[in-house]
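First the structure, in the form of structure tokens, and then the observations on it.
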Amino acid sequence: MRFNWEFPPDYYSKSQNILETSLSQVAAYRPWRAYDPGQEHPIDVRYEAMPAFHKTEIRKNSPQGLVPAGRDVRRGLESGEIALASTSGSSDISVTNIWNQEWWDASERASWKLNSYASAIATGDHPEAILANPLNVGFVSDMVDLPMEKRRLSRFLYLNEKTNPATWSSELMDRMIGELDIFKPAVLEANPSFLAKLCRYAADRKRKVFQPGLIVFTYEYPTKLHYQQIRQVFDVPTASSYGTTETGYVFMQCEEGKFHQNSEFCRVDFQPLKSEHGGPFVGRILVTTFNNPWYYMVRFDTRDLVRVDEEGKCPCGRNSGFILSAIEGRTISNTLTCEGRLVTLRELDDALSVLNGIDEYRLEQVSGKTYDLHLVSRRSDKARLTEEASEVLKELYGEEARLSVIYEDALSPEDSGKYSMAKALFPIDIEKYLDERYISKGVD
Ligand SMILES: [Zn+2]
Numbered sequence: 001m002r003f004n005w006e007f008p009p010d011y012y013s014k015s016q017n018i019l020e021t022s023l024s025q026v027a028a029y030r031p032w033r034a035y036d037p038g039q040e041h042p043i044d045v046r047y048e049a050m051p052a053f054h055k056t057e058i059r060k061n062s063p064q065g066l067v068p069a070g071r072d073v074r075r076g077l078e079s080g081e082i083a084l085a086s087t088s089g090s091s092d093i094s095v096t097n098i099w100n101q102e103w104w105d106a107s108e109r110a111s112w113k114l115n116s117y118a119s120a121i122a123t124g125d126h127p128e129a130i131l132a133n134p135l136n137v138g139f140v141s142d143m144v145d146l147p148m149e150k151r152r153l154s155r156f157l158y159l160n161e162k163t164n165p166a167t168w169s170s171e172l173m174d175r176m177i178g179e180l181d182i183f184k185p186a187v188l189e190a191n192p193s194f195l196a197k198l199c200r201y202a203a204d205r206k207r208k209v210f211q212p213g214l215i216v217f218t219y220e221y222p223t224k225l226h227y228q229q230i231r232q233v234f235d236v237p238t239a240s241s242y243g244t245t246e247t248g249y250v251f252m253q254c255e256e257g258k259f260h261q262n263s264e265f266c267r268v269d270f271q272p273l274k275s276e277h278g279g280p281f282v283g284r285i286l287v288t289t290f291n292n293p294w295y296y297m298v299r300f301d302t303r304d305l306v307r308v309d310e311e312g313k314c315p316c317g318r319n320s321g322f323i324l325s326a327i328e329g330r331t332i333s334n335t336l337t338c339e340g341r342l343v344t345l346r347e348l349d350d351a352l353s354v355l356n357g358i359d360e361y362r363l364e365q366v367s368g369k370t371y372d373l374h375l376v377s378r379r380s381d382k383a384r385l386t387e388e389a390s391e392v393l394k395e396l397y398g399e400e401a402r403l404s405v406i407y408e409d410a411l412s413p414e415d416s417g418k419y420s421m422a423k424a425l426f427p428i429d430i431e432k433y434l435d436e437r438y439i440s441k442g443v444d
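Numbers 1 to 444, taken from the numbering used here, label the letters of the sequence shown in order.
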């Protein structure tokens, strides 16, 4: 699907170079030559003719099959130019990515330009506190508390070394609040579930918390519930940064709340869903990275859905690349109505946001018409809350939905380190929901 986006002057030459180098010199993409309609066609048409690249192919080809001929991964590792970074967790496909720190930092710096607060505050040597799962970033230490100096790395302070926030003690959360006061970060980068948990604690005890210049959300989709809880404690700008380990920084939320493509560092191709499932403005993105000589990601399926901005412009005036009105959530967070319509995490989250007194939620679709809603709530009228939640879910999923509301003391993250807010316990193949007019048939 094509939109009339404007791109930087070298966007198309970069797109062409990456595609042609990949087809001719990068082993993983050589089979794709069969799909290339040829150099006489516009570059967008050539990209559209190519398949999507999935994590399973990274696993098959990494590392040497993802760098151009003439670049030796072993030498790059020896010289320290690159490293290998493995992702794990049984809920996800584990892969080994080639990590190029210099490129990663440059991709991040370019993304800051897309938000006025970030571009004013983020100098590249600004102090930054990170509240995330140490399985994703930082240092893991579940048994022993690490002192502050053991959680420092260059300009960063990792506020948390525990893999499960459900086990956080009051002392640990007091320590985090205390360290924000000592460290005074310009930017607080946070997994929204983790920060929401700390904010519930701080709000309950009416604790005053140091206010950074900007809060950047990464790792997870920030829900309306997260925002409500975080705003009880922080009165500062927030921005959601969207990217992946494979692709670097892909979209950054601007001060007006829309998302802008980091078009100096990546190409984005958009495949809309069928209209009955939310298309043509909601769809899947495939990301091609620019400027990284060590790792060629072409049409990488990040397994996220986005909503393209219908107006195609933003009050902030930035007009380089795709503009999104929202990220819709991970494809593994999709569920189906009783009639089989696709429901994104954002749609579910919008529906659930009318409920009061919820600390945490996770919706699991057990089968076609059976849904379990796990709730953490301190409301005493649980029977009433169950009725309210059932009403909301029937409205969304259908009158014939069989619903159970299950109360928990706390929810825990998945073994990937991130929380699951919604999931179906059976596979939903996103390709079946995409508008087939925009999908090439793909290899294998
Ligand atoms: Zn904007």
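Even glycine gets a Cβ: it sits at the ideal position worked out from N, Cα and C.
With a cut-off of 8 Å on the beta carbons, I'd call A239 and N136 a contact; round off their distance for me. A239 to N136, Cβ: 19 Å. No contact.
First and last residue of the alpha helix (DSSP H) that includes N17? 11 to 25
Distance cut-off 6 Å: E256 Cβ against heavy atoms of ligand 1: yes
Mapping the DSSP letters down to three states, classify L411 as helix, strand or coil. coil
Close beta carbons around Y117, own chain, < 8 Å, minus the five adjacent residues each side: G213, L214, P237, A239, E255
Quick one: Cα of N160 to Cα of E57, how far? 33 Å
Straight-line Cα distance separating C199 from M148: 20 Å
Less than 7 Å between the beta carbons of G243 and F265, yes or no? no
Can you tell me whether DSSP reads T337 as helix, strand or coil? coil
Could you tell me if the beta carbon of R318 falls within a distance shorter than 6 Å of some heavy atom in ligand 1? yes
Where does D349 fall in DSSP's three states? helix
Start-to-end residues for the beta strand (DSSP E) that takes in R307: 300 to 308
Which ranges does the beta strand (DSSP E) cover as unbroken runs of at least 3 residues, wholly within the region 109 to 136, from first to last along the chain? 128 to 131
In this structure, does DSSP put H226 in helix, strand or coil? helix
Leaving aside the five residues before and after L188 along the sequence, list all residues of the same chain whose C-beta is less than 6 Å from its C-beta, in chain order. A129, P212, I215
Helix, strand or coil for K258? Go by DSSP, reduced to three states. coil
Applying the 10 Å Cβ sphere with the 16-neighbour rule, what's the burial state of A389? buried
Per DSSP, cross-strand counterpart(s) of E364: D372, K423
Taking buried to mean at least 16 other C-beta atoms within 10 Å of its own C-beta, is L131 buried or exposed? buried
Kindly give me the distance between the Cβ atoms of V233 and A203, rounded to whole angstroms, as I take these residues to be in contact under 8 Å. 6 Å
In the DSSP output, which residue or residues are listed as bridge partners for R284? Q271, L305
When DSSP labels each residue in this structure, what does F183 get in the three-state scheme? helix
Mind checking which residues open and close the alpha helix (DSSP H) that includes L198? 192 to 204
For C199, verify whether its CB is less than 6 Å away from any heavy atom of ligand 3. Of the ligands this structure carries, namely ligand 1, none is ligand 3.
Which class does N97 belong to by DSSP, given the choice of helix, strand or coil? strand
Excluding the 5 residues flanking K313 on each side, which residues of the same chain have their C-beta closer than 8 Å to its C-beta? N319, I323
Going by CA-CA distance only, name the one from I82, N133, A120 that's closest to D415. N133
Would you say Q261 and F251 are within 7 Å of each other, going by their C-beta atoms? yes
Excluding sequence positions up to five away, which residues of its chain have a Cβ less than 8 Å from the Cβ of F194? L131, A132, N133, N160, P165
N-terminal and C-terminal residue of the beta strand (DSSP E) that A389 is part of: That residue, A389, is in no beta strand (DSSP E); its alpha helix (DSSP H) goes 382 to 397.
Give me the residue from E20, S62, W104 with the minimum Cα distance to S86. S62
With DSSP as the reference, identify every bridge partner of F156, one or two as the case may be. E128, L153
Buried or exposed for H41, please, with buried defined as at least 16 other CB atoms from any protein chain shown within 10 angstroms of its CB. exposed
Specify, as a first and last residue, the run of the alpha helix (DSSP H) that L146 falls within. Counting along the chain, L146 falls outside any alpha helix (DSSP H), and DSSP gives it neither H nor E.
Can you list, in chain order, the residues of its chain with a C-beta nearer than 7 Å to that of Q365? Leave out the 5 residues immediately preceding and following it. T335, L336, Y371, A424, L425
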